[in-house]
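To keep things clear, I will list the structure first and then write my remarks on it.
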Amino acid sequence: MNILLIRLSAIGDIFFCTALANGIRKTYPECRLSWLAEPSGSGLLKGHPLLDRVITFPRPDLVRTLKGGRLPEFWAVLKPFLRELRKEHYDLVIDPQGLLKSAIWARLARADERIGINGRDGSAFLYDRLIKVIKEEQPLILSEYRELVAFLGGDRETVAMDLWIPPEEGAAAKAFLGAHCERPPVVFCPCTTRPQKHWFDASWARLGDLLVERGHGPVVLLGGPGDGERTRAIASMMKRPPLIAAGERRPIGFALGIIERARGLVGVDTGLSHAGIALGRPTVGLFGSTRPYLETGSPVARILYHPLECSPCKRRPTCNGRYDCMRLHTPERVALALEEMMAIQSWKLPDISKNAHGGKRPAFNEIWQGDHARE
165 MNILLIRLSA
175 IGDIFFCTAL
185 ANGIRKTYPE
195 CRLSWLAEPS
205 GSGLLKGHPL
215 LDRVITFPRP
225 DLVRTLKGGR
235 LPEFWAVLKP
245 FLRELRKEHY
255 DLVIDPQGLL
265 KSAIWARLAR
275 ADERIGINGR
285 DGSAFLYDRL
295 IKVIKEEQPL
305 ILSEYRELVA
315 FLGGDRETVA
325 MDLWIPPEEG
335 AAAKAFLGAH
345 CERPPVVFCP
355 CTTRPQKHWF
365 DASWARLGDL
375 LVERGHGPVV
385 LLGGPGDGER
395 TRAIASMMKR
405 PPLIAAGERR
415 PIGFALGIIE
425 RARGLVGVDT
435 GLSHAGIALG
445 RPTVGLFGST
455 RPYLETGSPV
465 ARILYHPLEC
475 SPCKRRPTCN
485 GRYDCMRLHT
495 PERVALALEE
505 MMAIQSWKLP
515 DISKNAHGGK
525 RPAFNEIWQG
535 DHARE
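For what it's worth, the numbering used here labels the leading residue of the sequence shown as 165, then goes sequentially.
Now the structure itself:
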């Protein structure tokens with residue numbers, strides 16, 4: 165079979181959707197599998213062993229030329245993209261994003277059948293088949309992808325995220341940590357695009373101090389190129405300055421390489437936190453205005469969530485900026501939860517299970533070998 169998967173953005177959703185690619189590859193081992201994504205996602209996917217082809221949707225260029233009223237330039241960008249999209253004939257197009265902005269490309273692709281999930285924003289009529297999955301009734305992580313893989317004839321119990329770390333980016337992360345850390349760090353992922361998903365800077369600082377005092381340091385603050393100011397603000401409140409790996413433009417594989425070598429991770433509802441679960445690290449997620457899942461499917465990952473009458477408010481908070489649900493997460497309780505997860509997954513770890521493409525991630529103690537190994 166020739167299959168096209170459409171998941172345009174964002175980074176966290178791309179991480180989740182690798183589970184669908186994983187499930188498709190297990191269900192149809194000999195299929196040809198392509199993925200359509202925006203530049204931020206396609207850069208992460210290129211070279212992934214699960215995929216035969218990655219198509220980049222040039223959304224930034226299309227938006228820029230359209231807003232500028234430069235229609236000739238708009239068509240000059242759109243036409244080659246459409247040729248690339250339609251270069252192959254697909255037996256099946258799968259659109260788990262289920263939005264009009266993704267369903268349009270599913271319809272324009274040359275395909276025998278198109279499947280979508282939920283079909284929001286008026287996209288339902290563009291699919292041949294529609295699968296309904298109410299995520300709020302499915303607390304287990306990746307629930308919609310489990311259902312879709314089962315619909316395709318696969319085993320929903322084998323669905324798991326499968327993140328790809330290019331070797332050169334993993335090596336850069338190893339060198340970065342090796343230059344600053346004598347042992348595996350605890351990683352904090354405090355930054356998102358929405359303030360209602362944030363935990364408070366003072367709480368992050370207190371948590372870092374607690375973990376260092378209890379012998380779990382060093383602490384690494386991880387984030388993207390726009391997160392430098394916030395991570396520096398958190399660092400300024402800590403008694404022992406953490407290592408900051410944010411505020412610079414680096415490939416996402418660098419951040420994944422940091423997480424893969426971490427002793428533990430604490431994060432809010434953001435893509436890098438989900439990566440901690442995918443990479444088998446002891447992880448504590450702090451959810452409030454959103455709750456994409458409550459059950460992680462991992463014995464070493466836990467979600468802390470204190471629902472209120474307004475929870476989850478998602479994009480419409482009603483608390484006038486107090487973010488009461490996130491205030492209920494105390495640094496002491498978060499530290500205890502992380503210690504419990506790290507105790508389950510001891511310092512010397514067994515090999516992480518094989519990926520769908522047959523590769524095998526090294527054991528954690530093998531990742532931290534060489535110049536950085538410490539007892």
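All residues carry an ideal CB built from backbone N, CA and C; glycine is no exception.
* Asked: According to the Cβ coordinates, are residue 254 and residue 166 closer than 9 Å?
  -> Stepping through the sequence shown from its first residue, residue 254 is reached at position 90. Stepping through the sequence shown from its first residue, residue 166 is reached at position 2. The answer is yes: Cβ separation under 9 Å.
* What whole-angstrom Cβ distance do residue 219 and residue 248 have, given they're in contact under 8 Å? -> Residue numbering aside, residue 219 sits at position 55 when the sequence shown is read from its first letter. Residue numbering aside, residue 248 sits at position 84 when the sequence shown is read from its first letter. 6 Å between Cβ atoms; contact.
* Member of 168, 446, 304 and 170 whose CA lies at the smallest distance from the CA of residue 508 -> In the sequence shown, counting from the first residue as 1, residue 508 sits at position 344. Ranking the options by Cα distance to residue 508, first place goes to 446.
* To do: Give the DSSP-derived three-state secondary structure of residue 459 in the structure shown.
  => By 1-based counting over the sequence shown, the position of residue 459 is 295. Note: residue 459 maps to strand in three-state DSSP.
* Asked: Would you report the Cα separation of residue 205 and residue 268, rounded to the nearest angstrom?
  -> Numbered from its first residue, the sequence shown carries residue 205 at position 41. Numbered from its first residue, the sequence shown carries residue 268 at position 104. The alpha-carbon atoms of residue 205 and residue 268 are separated by roughly 18 Å.
* Inside the stretch 186-242 only - beta strand (DSSP E) runs reaching at least 3 residues -> 196-201 and 217-220
* What span of residues does the alpha helix (DSSP H) with residue 271 cover, start to end? -> By 1-based counting over the sequence shown, the position of residue 271 is 107. Start and end: 264-272.
* Asked: Can you give, in chain order, each stretch of the alpha helix (DSSP H) that sits fully within the stretch 324-390 and has at least 4 residues?
  -> 331-344 and 365-377
* Those residues which DSSP pairs with residue 469 across a bridge -> For the purposes of this step, residue 469 is taken as the residue at position 305 of the sequence shown. According to DSSP, residue 469 bridges with 451.
* Would you say residue 409 and residue 384 are within 9 Å of each other, going by their C-beta atoms? -> The count along the sequence shown starts at 1 and reaches residue 409 at position 245. The count along the sequence shown starts at 1 and reaches residue 384 at position 220. In contact: residue 409 and residue 384 (Cβ atoms closer than 9 Å).
* To do: Return the CA-CA distance between residue 430 and residue 495, expressed in angstroms with no decimal places.
  => As a position in the sequence shown, residue 430 is number 266, starting the count at 1. As a position in the sequence shown, residue 495 is number 331, starting the count at 1. Taking the straight line joining both Cα atoms gives about 11 Å.
* Asked: What are the start and end residues of the beta strand (DSSP E) that includes residue 444?
  -> If you number the sequence shown from 1, residue 444 lands on position 280. Careful: residue 444 lies outside any beta strand (DSSP E) and carries neither H nor E.
* Asked: Going by the beta-carbon positions, is the gap between residue 325 and residue 312 smaller than 9 Å?
  -> Within the sequence shown, numbered from 1, the residue matching residue 325 stands at position 161. Within the sequence shown, numbered from 1, the residue matching residue 312 stands at position 148. Contact flag unset, no.
* Pair every Cβ in the stretch 477-491 with every Cβ in the stretch 407-426, then say whether three or more of these pairs are closer than 8 Å. => no
* What did DSSP end up calling residue 394 once you bin it into helix, strand or coil? -> In the sequence shown, residue 394 corresponds to position 230, counting from 1. Residue 394 falls in the helix class under three-state DSSP.
* Asked: Considering only residues of the same chain and omitting the five flanking positions on each side of residue 309, which have a CB-CB separation below 8 Å?
  -> On the sequence shown, residue 309 is found 145 positions in, with the first residue counted as 1. Only 180, 181, 183, 184, 187, 260 and 323 meet the Cβ criterion.
* To do: Given a cut-off of 9 Å, decide if residue 501 and residue 448 are closer than it, judged by their beta-carbon atoms.
  => Counting from one through the sequence shown, the residue named residue 448 turns up at place 284. Counting from one through the sequence shown, the residue named residue 501 turns up at place 337. In this structure, residue 501 lies closer than 9 Å to residue 448 by Cβ.
* Assuming residue 202 contacts residue 172 under a Cβ cut-off of 8 Å, what Cβ separation, rounded to an integer in Å, is found between them? -> Position 38 of the sequence shown, counting from 1, holds the residue named residue 202. Position 8 of the sequence shown, counting from 1, holds the residue named residue 172. Contact holds; Cβ gap of about 5 Å.
* Asked: DSSP three-state call for residue 431: helix, strand or coil?
  -> On the sequence shown, position 267 is the one that residue 431 refers to. It is a strand residue.
* Can you tell which of 480, 465, 459 and 373 has the C-alpha that lies nearest to the C-alpha of residue 360? -> Your numbering for residue 360 matches position 196 in the sequence shown. Among 480, 465, 459 and 373, the Cα nearest to that of residue 360 is on 480.
* Asked: So is residue 239 buried or exposed if we call it buried at 16+ other beta carbons inside 10 Å?
  -> Against the sequence shown, residue 239 aligns to sequence position 75. Exposed is the call here.
* **Coil, strand or helix - residue 426 by DSSP** => For the purposes of this step, residue 426 is identified with residue 262 of the sequence shown, where counting begins at 1. Residue state, collapsed to three classes: coil.
* Asked: For residue 275, which beta-bridge partners are listed by DSSP?
  -> Mapped onto the sequence shown, residue 275 falls at position 111. According to DSSP, which records beta bridges pairwise, residue 275 is partnered with 254.
* For the ligand SAM, is there a heavy atom less than 8 Å away from the beta-carbon of residue 314? -> No copy of the ligand SAM occurs in the structure displayed, which carries no ligand at all.
* Whole angstroms is fine: what's the gap from residue 378's alpha carbon to residue 467's? => On the sequence shown, residue 378 is found 214 positions in, with the first residue counted as 1. On the sequence shown, residue 467 is found 303 positions in, with the first residue counted as 1. Distance between the alpha carbons of residue 378 and residue 467: 22 Å.
* To do: Would you tell me roughly how many angstroms separate the C-alpha atoms of residue 406 and residue 286, rounded to the nearest one?
  => Here the question's residue 406 lines up with position 242 in the sequence shown. Here the question's residue 286 lines up with position 122 in the sequence shown. Rounded to the nearest angstrom, the two C-alpha atoms are 47 Å apart.
* To do: Kindly give me the distance between the Cβ atoms of residue 192 and residue 304, rounded to whole angstroms, as I take these residues to be in contact under 8 Å.
  => Here residue 192 refers to the residue found at position 28 when the sequence shown is read from its first residue. Here residue 304 refers to the residue found at position 140 when the sequence shown is read from its first residue. Contact doesn't hold; Cβ gap of about 24 Å is too wide.
* To do: Drop a sphere of 10 angstroms on the beta-carbon of residue 511, count the other beta-carbons inside from all chains shown, and report buried for 16 or more, exposed for fewer.
  => Indexing the sequence shown from 1 puts residue 511 at position 347. Bear in mind that the predicted position of residue 511 carries a pLDDT of just 46, short of 50, making it unreliable; the figure below should be weighed with that in mind. That one is exposed.
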